[in-house]
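K.L.:
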Amino acid sequence: MPLLDIRNLSIELDTPHGRVKALEKVSLTLNPGEVHGLLGESGSGRSLLARAIMGIPGHNWTITVDRMMWDGKNLLELDSKERRALMGSDIAMIFQDPSGSLDPARSVGSQIIEAMPRNAELKFWQQKKYKRQIAEQWLHKVGIKNPDDLMEAYPWEISEGECQKVMIAIALANKPRLLIADEPTTSMELSTQAQIFRLLAKLNQVHGVSILLISHEIETLTHWCDRLTVFYSGQVMESGVTSELINSPRHPYTRILLEYLPNEANPHAHKAFMPSLQGSAPALQHLPIGCRLGPRCPSARKQCVAQPLLIHEKDRYCACHFPIRYDENKHDHTAS
Amino acid sequence: MAKYLLRRLNLFLATSAVLMLVLFLATRMFPVDLGVALTGVEQPTQEQQQQTIKAYALDGSGFSQYVAFLQQRLGGNMGISMTSQQSVAGELVDVLPASFELIIVTSLMALALGIPIGVLAALSNSKATQNVIMALTLTGYSIPVFWLGLSLSLWFGVKLGWLPISGQLNLLYEIPRVTGFVLIDTLIADTPYSMSAFKDAVLHIILPATTLAVFPFTVVVRITRAAMANVMTQTYVRAAEARGLSTAMIVLRHALPNALIPVLKSMGLMLGAFTSYAIVVEVIFSWPGVGAWLVQGIYQRDYTVIQSGIMVVALLIIFMSILIDVLHTATNPLSRKELYATN
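As they're listed, the protein sequences go chains A and B.
UniProt numbering puts the first sequence at residues 1 to 336.
UniProt numbering puts the second sequence at residues 1 to 343.
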């Protein structure tokens with residue numbers, strides 16, 4: 001049974017330009033113990049999906065979904081109290097905007113300590129000391145050298161990277177079953193990025209934490225994720241096991257993403273023309289109907305004005321009217 | 001931080017010096033002899049005249065006159081009242097506590113009711129509740145305080161006869177003056193009727209305090225609501241929700257401390273209007289405070305009372321607004337962020 005199973009989730013936003021469908025019929029299946037990557041450009045609705053799973057919608061959102069199951073329980077039927085309990089312990093999230101996610105009027109330490117799990121064996125006056133110890137251990141694990149100084153500081157006194165580490169420590173401390181990591185390492189130095197990813201991978205392997213990793217870096221995602229889901233402008237393009245998806249992309253968008261990766265091996269690469277998909281991602285108030293890749297898609301045809309359904313085929317999902325077919329023997333890229 | 005405090009102290013001293021200069025110049029324009037305006041002695045003897053000239057350096061230059069004026073006034077010599085022939089400083093000591101008492105009770109009422117209602121208005125999902133609260137506060141904000149005071153005393157005092165409408169305490173009770181605050185004095189008085197006197201004092205303060213509280217209450221509600229609505233959309237509140245904290249915890253621990261910062265700031269801005277309202281209320285309810293005393297002095301052309309009344313009220317406003325600013329900085333870590341690299 002999948003840990004998280006979402007079918008046809010749509011999110012509509014009320015904006016001054018009218019109601020826009022920021023996410024359209026998104027489906028996602030996440031198995032226990034899996035690292036699932038959400039790949040897409042910024043603005044493609046990955047963070048909206050994360051917040052919808054987390055259960056913290058914005059005030060101008062309208063969410064419609066056919067099915068949203070968490071470990072066999074229907075998330076839509078839970079009342080707000082049960083949902084809140086689930087959010088604290090089972091699902092945790094690392095936010096994209098780390099310094100904004102910490103209360104500016106309170107010290108970092110008090111906020112970390114507040115989020116640490118209780119130890120049921122201790123009396124209430126011993127809890128604080130215990131929580132502080134745990135907090136320091138976690139801060140150390142996410143790569144903070146002197147936790148005492150950091151805990152005294154206010155969020156606006158520390159760097160964005162440190163805020164991000166604090167948010168990761170807070171998210172991990174409750175040992176969630178699903179961790180939603182929304183661009184968890186954007187403002188960190190490279191060596192720490194690797195450290196954080198190793199920590200996440202260790203959590204995944206040792207404790208079986210499922211991770212939903214949101215990023216726009218194809219290399220990172222392909223390296224760490226078991227499965228990938230490719231987003232474009234609020235629609236799922238393709239989903240599948242990472243190696244298969246990389247080796248034989250079915251959707252034109254995925255293929256273009258992979259083909260147009262900069263080639264570092266070529267010594268003239270930095271002087272050469274950099275191939276890219278023509279046009280730009282549509283703005284929210286001017287979304288095309290049907291497949292949103294349509295206006296930019298090299299293999300678009302008349303049928304593409306109707307949104308293609310996500311078709312399930314041998315553990316692969318692909319939403320395209322004209323998916324790329326591979327001949328078992330020849331392995332060439334010809335659209336059928 | 002020390003530098004900041006020094007700057008605020010400097011601001012207080014400079015503003016006060018300007019205030020004293022205005023008073024010093026205004027004293028010259030009173031339609032009486034300068035010596036009379038300064039001391040309040042209407043028929044001074046030769047000896048008294050000489051003394052006044054010496055004390056206020058009236059034969060010296062303008063600057064030395066100003067310095068002498070400052071020395072006299074800040075040293076506590078405000079002359080005598082032209083009507084009662086009592087020392088003005090002594091009268092001030094009598095009337096100031098009553099005003100403080102009224103203002104403290106009023107502020108407590110406004111904050112204790114205004115903050116929860118503002119939070120409620122911000123968090124409520126029902127449009128009806130929000131609209132009712134906003135309509136009521138807008139009405140309260142626009143009601144003229146003199147009309148409200150008169151209507152309340154007419155209704156609750158005269159027609160229904162529930163509450164006394166003038167003074168601080170029934171004249172039947174003889175309470176020794178210790179702190180000057182009647183609510184405290186009646187409680188600590190060693191008399192068999194101290195409890196009933198306390199009840200009487202409470203009944204007396206209800207109408208004036210309610211009248212005066214309407215204005216700050218509406219301001220507090222509106223600002224709390226706006227600040228709270230803003231804070232609740234911030235990412236850190238959503239992050240706290242995502243950590244599984246209950247709504248009550250989020251409001252108390254994260255949202256309210258952030259939302260109260262603008263409330264404190266607005267209190268400082270409100271002080272001037274609040275003080276003039278307090279004067280009106282004191283006159284309507286014959287509250288024996290500095291406002292009623294000052295207005296009476298104006299009616300009677302009691303120049304020394306007018307001068308020192310204005311001086312004390314204005315100094316208090318300056319002091320309070322700077323105190324609120326300092327408190328705002330001391331209690332709010334975010335404002336210390338703004339101090340970085342500014343001095």
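Virtual Cβ for every residue (Gly too), placed ideally from N, Cα, C.
Computed from a prediction, not measured in an experiment: that's the story for all the values here.
Would you report the Cα separation of E162 (chain A) and A189 (chain B), rounded to the nearest angstrom?
P.N.:
For the purposes of this step, residue 162 (chain A) is taken as the residue at position 162 of the first sequence. For the purposes of this step, residue 189 (chain B) is taken as the residue at position 189 of the second sequence. Answer to the nearest angstrom: the Cα atoms are 60 Å apart.
K.L.:
Does DSSP classify P288 (chain A) as helix, strand or coil?
P.N.:
Locating residue 288 (chain A) in the first sequence gives position 288, counting from the first residue. Three-state result, P288 (chain A): coil.
K.L.:
Rounding to the nearest angstrom, what Cα-Cα distance links G60 (chain B) and Y66 (chain B) in this structure?
P.N.:
Here the question's residue 60 (chain B) lines up with position 60 in the second sequence. Here the question's residue 66 (chain B) lines up with position 66 in the second sequence. G60 (chain B) and Y66 (chain B): Cα-Cα distance of roughly 10 Å.
K.L.:
Between A37 (chain B) and Y303 (chain B), how many whole angstroms is the CB-CB distance? I'm expecting something under 8 Å.
P.N.:
Walking along the second sequence from the start, residue 37 (chain B) turns up at place 37. Walking along the second sequence from the start, residue 303 (chain B) turns up at place 303. Contact flag correct, Cβ pair sits at about 5 Å.
K.L.:
Which residue wins for smallest C-alpha separation from T39 (chain B), given the options B:S308, B:S194, B:H328, B:L323?
P.N.:
Reading the second sequence from its first residue, position 39 is the one you call residue 39 (chain B). For T39 (chain B), the nearest C-alpha among the options comes from B:S308.
K.L.:
Nearest chain A C-beta to Y236 (chain B) closer than 7 Å, yes or no?
P.N.:
Against the second sequence, residue 236 (chain B) aligns to sequence position 236. So yes, Y236 (chain B) belongs to the interface.
K.L.:
Kindly say whether L200 (chain A), judged by its beta-carbon, lies nearer than 7 Å to any beta-carbon of chain B.
P.N.:
The sequence position of residue 200 (chain A) within the first sequence is 200, counting from 1. With 7 Å as the cut-off, L200 (chain A) does not count as an interface residue toward chain B.
K.L.:
For L102 (chain A), go through chain B and note every residue whose CB falls closer than 7 Å to its CB, in chain order.
P.N.:
In the first sequence, counting from the first residue as 1, residue 102 (chain A) sits at position 102. Those are Y236, listed as they occur along chain B.
K.L.:
Using a threshold of 7 Å, state whether the C-beta atoms of F215 (chain B) and E101 (chain B) are closer than that.
P.N.:
As a position in the second sequence, residue 215 (chain B) is number 215, starting the count at 1. As a position in the second sequence, residue 101 (chain B) is number 101, starting the count at 1. No.
K.L.:
Whose C-beta lies closer than 7 Å to the C-beta of F95 (chain A) among residues of the same chain, with five residues either side of it excluded?
P.N.:
Within the first sequence, residue 95 (chain A) is the residue found at index 95, counting from 1. S101, M167, D182, listed in sequence order.
K.L.:
Is I168 (chain A) close to chain B, meaning its C-beta is less than 7 Å from at least one C-beta of that chain?
P.N.:
As a working note, residue 168 (chain A) is residue 168 in the first sequence. It does not; no Cβ of chain B falls within 7 Å.
K.L.:
Applying the 10 Å Cβ sphere with the 16-neighbour rule, what's the burial state of H286 (chain A)?
P.N.:
By 1-based counting over the first sequence, the position of residue 286 (chain A) is 286. Exposed is the call here.
K.L.:
According to DSSP, which residues form a beta bridge with G240 (chain A)?
P.N.:
Translated into positions along the first sequence, residue 240 (chain A) becomes position 240. G240 (chain A) pairs with A:L228.
K.L.:
Only counting the same chain, and skipping five residues up and downstream in sequence, which positions put a Cβ closer than 7 Å to that of F146 (chain B)?
P.N.:
Indexing the second sequence from 1 puts residue 146 (chain B) at position 146. The answer, listed in chain order, is V280, I284.
K.L.:
Between H254 (chain B) and chain A, is the shortest Cβ-Cβ distance under 7 Å, so that the two count as touching?
P.N.:
In the second sequence, the residue the question calls residue 254 (chain B) occupies position 254. Yes, because at least one Cβ of chain A sits closer than 7 Å to the Cβ of H254 (chain B).
K.L.:
By alpha-carbon positions, which one of A:M93, A:H59, A:D71, A:I246 ends up nearest to T29 (chain A)?
P.N.:
Taking the first residue of the first sequence as position 1, residue 29 (chain A) is located at position 29. The candidate whose alpha carbon is nearest that of T29 (chain A) is A:D71.
K.L.:
Please name the residue in A:V142, A:E12, A:R132 whose C-alpha comes closest to that of M151 (chain A).
P.N.:
Against the first sequence, residue 151 (chain A) aligns to sequence position 151. Taking only the C-alpha atoms, the option nearest M151 (chain A) is A:R132.
K.L.:
In chain A, what lies closer than 9 Å to A273 (chain B) by C-beta?
P.N.:
Numbered from 1 along the second sequence, position 273 holds the residue referred to as residue 273 (chain B). Under the 9 Å cutoff, chain A gives no residues; its nearest Cβ is about 28 Å from A273 (chain B).
K.L.:
So, does the CB of F273 (chain A) fall closer than 7 Å to a CB anywhere in chain B?
P.N.:
Residue 273 (chain A) sits at position 273 when you count from the first residue of the first sequence. With 7 Å as the cut-off, F273 (chain A) does not count as an interface residue toward chain B.
K.L.:
Counting only beta-carbon atoms, is R225 (chain B) nearer than 7 Å to chain A?
P.N.:
Position 225 of the second sequence, counting from 1, holds the residue named residue 225 (chain B). By this cut-off, R225 (chain B) is not an interface position.
K.L.:
Closer than 8 Å, Cβ to Cβ, to anything on chain B: give me those residues from the region 110-131 of chain A, in chain order.
P.N.:
Residues E114, A115.
K.L.:
For L213 (chain A), count the other beta carbons within 10 Å of its own beta carbon; 16 or more makes it buried, fewer makes it exposed. Which is it?
P.N.:
On the first sequence, position 213 is the one that residue 213 (chain A) refers to. That one is buried.
K.L.:
Would you mind telling me which residues of chain B sit closer than 9 Å to A85 (chain A), beta carbon to beta carbon, in chain order?
P.N.:
Taking the first sequence and counting its residues from 1, the one referred to as residue 85 (chain A) is at position 85. By Cβ distance, chain B contributes G244.
K.L.:
Whole angstroms are fine: how far does the CA of L39 (chain A) sit from the CA of Q303 (chain A)?
P.N.:
On the first sequence, position 303 is the one that residue 303 (chain A) refers to. On the first sequence, position 39 is the one that residue 39 (chain A) refers to. Cα to Cα, Q303 (chain A) sits roughly 26 Å from L39 (chain A).
K.L.:
Are there any heavy atoms of the ligand MN lying less than 6 Å away from the beta-carbon of T52 (chain B), as far as the coordinates show?
P.N.:
Among the ligands in the structure shown, none appear at all, so the ligand MN cannot be discussed.
K.L.:
Rank A:A272, A:H268, A:R177 by C-alpha distance to the C-alpha of M93 (chain A) and give the top, closest one.
P.N.:
The residue you call residue 93 (chain A) lines up with position 93 of the first sequence. Nearest option by C-alpha distance: A:R177.
K.L.:
Leaving aside the five residues before and after A110 (chain B) along the sequence, list all residues of the same chain whose C-beta is less than 6 Å from its C-beta, in chain order.
P.N.:
For the purposes of this step, residue 110 (chain B) is taken as residue 110 along the second sequence, with counting starting at 1. Answer for A110 (chain B): A213, P216, F217, V220, listed in chain order.
K.L.:
If the cut-off is 7 Å on Cβ atoms, which residues from the region 109-126 of chain B count as contacting chain A, listed in chain order?
P.N.:
Cβ contacts with chain A come from no residue of the region 109-126 of chain B.
K.L.:
Can you tell me the Cα-Cα spacing of A242 (chain B) and H207 (chain A), whole angstroms?
P.N.:
Stepping through the second sequence from its first residue, residue 242 (chain B) is reached at position 242. Stepping through the first sequence from its first residue, residue 207 (chain A) is reached at position 207. Computed Cα separation, rounded: 21 Å.
K.L.:
Along chain B, which residues have their Cβ under 7 Å away from the Cβ of I56 (chain A)?
P.N.:
The residue you call residue 56 (chain A) lines up with position 56 of the first sequence. Per Cβ cutoff of 7 Å: R238, E241, A242.
K.L.:
Output the residue ranges of the alpha helix (DSSP H) runs that lie fully inside the region 123-185 of chain B and measure 4 residues or longer, sorted by chain position.
P.N.:
Entirely contained in the region 123-185 of chain B, the alpha helix (DSSP H) runs reaching 4 residues are, in chain order, 127-142, 145-152.
K.L.:
Could you give the first and the last residue of the continuous alpha helix (DSSP H) run that contains T15 (chain A)?
P.N.:
Along the first sequence, one-based indexing puts residue 15 (chain A) at 15. No alpha helix (DSSP H) holds T15 (chain A); the beta strand (DSSP E) holding it covers 4-15.
K.L.:
For H140 (chain A), count neighbouring Cβ atoms within 10 angstroms of its own Cβ and tell me buried if that reaches 16, exposed if not.
P.N.:
Here residue 140 (chain A) refers to the residue found at position 140 when the first sequence is read from its first residue. Burial call: exposed.
K.L.:
Determine the direct distance from the alpha carbon of A122 (chain B) to that of H205 (chain A), and round the result to whole angstroms.
P.N.:
What you label residue 205 (chain A) is simply residue 205 of the first sequence in a count that begins at 1. What you label residue 122 (chain B) is simply residue 122 of the second sequence in a count that begins at 1. Inspection of the sequence shows that residue 205 (chain A) is occupied by Gln rather than by His. Spanning the two alpha carbons is a distance of roughly 45 Å.
K.L.:
Please go through the same chain and pick out, in chain order, the residues whose beta-carbon is closer than 6 Å to the beta-carbon of R67 (chain A), but skip the five residues on each side of it.
P.N.:
Locating residue 67 (chain A) in the first sequence gives position 67, counting from the first residue. Closer than 6 Å at the Cβ level, and outside the excluded window around R67 (chain A), lie R7.
K.L.:
Name the two residues that bound the continuous alpha helix (DSSP H) containing L21 (chain B).
P.N.:
One-based indexing of the second sequence puts residue 21 (chain B) at position 21. Its alpha helix (DSSP H) spans residues 2-27.
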